[in-house]
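Residue numbers (UniProt numbering): 1 to 386.
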């Protein structure tokens with residue numbers, strides 16, 4: 001049996017509670033400082049971002065050279081605060097044009113930015129990005145997109161969840177290091193990607209978000225080549241650990257809007273759900289049952305809109321020694337469970353360590369989600385469990 005070791009204790013939940021769910025929308029992120037490097041302003045797309053930011057009356061500073069300074073505070077906590085209030089518009093380095101495989105999420109990782117405006121206390125960027133967690137947006141994005149054409153028709157190893165490669169489009173993930181929708185009002189970068197992949201028969205875009213401002217995406221010519229995804233969790237986890245994001249209910253309404261056919265006022269996108277990070281909190285079965293029931297209610301429009309193109313990714317919580325160290329400095333009062341004694345240790349191919357739930361716990365969680373998902377969504381495949 002799973003040891004329900006995450007604190008604090010939560011109250012029992014019922015499916016009736018989903019009908020009175022928190023509908024809070026995400027507060028639109030407005031950075032207190034926007035900096036541009038000179039080379040970013042040499043790019044036409046960088047000029048477009050400059051015009052968007054200027055129209056929002058945000059303070060703008062142009063660096064004397066192509067380095068971003070002024071991000072360090074007296075300690076890690078102050079550095080975090082300064083960086084999280086800064087948007088830096090820069091050019092992606094040459095290394096960003098050499099795409100890395102990112103299975104099982106997609107074939108290739110193509111970052112339109114690095115750094116995230118949200119305040120998730122389990123943040124997977126902690127320890128994986130160098131330096132202060134400033135949001136860096138790439139002004140040379142159109143050139144990066146054009147370079148991905150060379151990767152179309154190529155598939156990295158360890159991709160069995162996608163079936164055979166013959167004839168299928170190559171997938172590109174743009175959400176690994178940022179929440180693309182959380183910065184879209186400032187950059188227009190996600191729309192740029194959607195329009196580009198709408199012209200590519202052999203390339204498909206994938207993005208995921210915890211935000212809900214999707215109206216600007218509804219009329220874009222995606223031509224079915226972008227899969228829009230939202231990250232969801234039990235409401236008790238999202239309220240406690242996902243600061244600055246939209247409520248679970250608001251995210252569900254956003255993905256419904258993206259999925260509805262255009263003739264019904266939606267975006268007509270293929271959609272996906274990412275349930276993450278899954279945690280065995282007290283009463284976890286009831287909490288996740290309520291979430292799955294609410295998903296079923298929200299996306300059930302097949303009688304009026306036809307079959308739904310949807311899949312799901314299931315990701316359990318994990319952390320590394322490095323990420324724990326950073327997170328406890330960023331969020332010194334967090335209630336996130338990162339007790340190594342309750343976890344199993346795993347090694348990656350580079351010799352690094354991460355802590356995951358113990359095998360019996362993982363087995364029980366996985367069995368629950370596979371059974372309950374397939375009951376409700378037999379035509380929506382589970383892409384993977386990790």
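Note that the Cβ used here is the ideal one computed from N, Cα and C, for glycine as well.
Cut-off 7 Å between Cβ atoms - residues of its own chain near residue i, not counting five sequence neighbours on either side
i	result
residue 237	279, 281
residue 372	289, 292
residue 317	122, 277, 278, 279
residue 370	382
Beta strand (DSSP E) segment containing residue i, residue limits
i	result
residue 170	170-173
residue 214	First-last for residue 214: undefined, no H or E at that position.
residue 121	Premise fails: residue 121 is in no beta strand (DSSP E) and is neither H nor E.
residue 237	Element bounds for residue 237: not the beta strand (DSSP E) but the alpha helix (DSSP H), 235-241.
residue 383	382-385
residue 109	106-109
residue 102	100-102
Close-in-space but distant-in-sequence residues of the same chain around residue i (CB under 6 Å, 5 per side omitted)
i	result
residue 205	172, 193, 197, 226
residue 43	139, 140
residue 324	338
residue 142	45
residue 385	314, 366
residue 223	198
residue 235	248
residue 390	Absent from the model: residue 390. The displayed extent of the chain is 1 to 386, so no value can be given.
Beta-ladder partner(s) of residue i, from DSSP
i	result
residue 208	229
residue 353	347
residue 34	60, 87
residue 311	272
residue 138	90
residue 70	None; residue 70 has no bridge partner.
residue 114	136
residue 203	170
residue 316	278
Residues of its chain near residue i, where Cβ-Cβ distance is below 8 Å and the 5 sequence neighbours each way are ignored
i	result
residue 48	188
residue 77	329, 330, 332
residue 374	382
residue 124	323
residue 285	368
residue 71	79, 82, 83, 86, 131, 132, 134
Assumed close pair residue i, residue j - CB separation to whole angstroms, cut-off 8 Å
i	j	result
residue 314	residue 255	Not confirmed; about 16 Å, so no contact.
residue 232	residue 273	6 Å
residue 114	residue 178	6 Å
residue 271	residue 252	Their Cβ separation, rounded to whole angstroms, is 11 Å, which puts residue 271 and residue 252 out of contact at 8 Å.
Residue i - containing alpha helix (DSSP H), residue span
i	result
residue 52	44-55
residue 321	321-330
residue 388	For the chain, the structure presents residues 1 to 386; residue 388 sits outside this window and is missing.
residue 374	359-376
residue 176	Segment: none, residue 176 is in no alpha helix (DSSP H) and carries neither H nor E.
residue 294	284-299
residue 24	That residue, residue 24, is in no alpha helix (DSSP H); it is neither H nor E in DSSP.
Any chain D beta carbon closer than 9 Å to residue i
i	result
residue 327	Structure shown: chain D not included; a single protein chain is present.
| message | Within 8 Å, do at least three Cβ pairs link the segment 26-37 to the segment 89-108? | response | yes
| request: Spell out a yes or no on whether the segment 170-185 and the segment 212-224 are touching, meaning 3 or more CB-CB pairs, one atom from each, closer than 8 Å. | output: yes
| said: Tell me whether the segment 320-327 and the segment 352-368 touch, counting them as touching only if at least three CB pairs, one residue from each stretch, are closer than 8 Å. | reply: yes
| Does the segment 101-119 come close enough to the segment 242-253 that 3 or more CB-CB pairs lie under 8 Å? | yes
| task | Determine contact between the segment 102-113 and the segment 151-158, defined as no fewer than three beta-carbon pairs at a distance below 8 Å. | result | yes
| Does the segment 257-268 come close enough to the segment 218-225 to have 3 or more Cβ pairs within less than 8 Å? | yes
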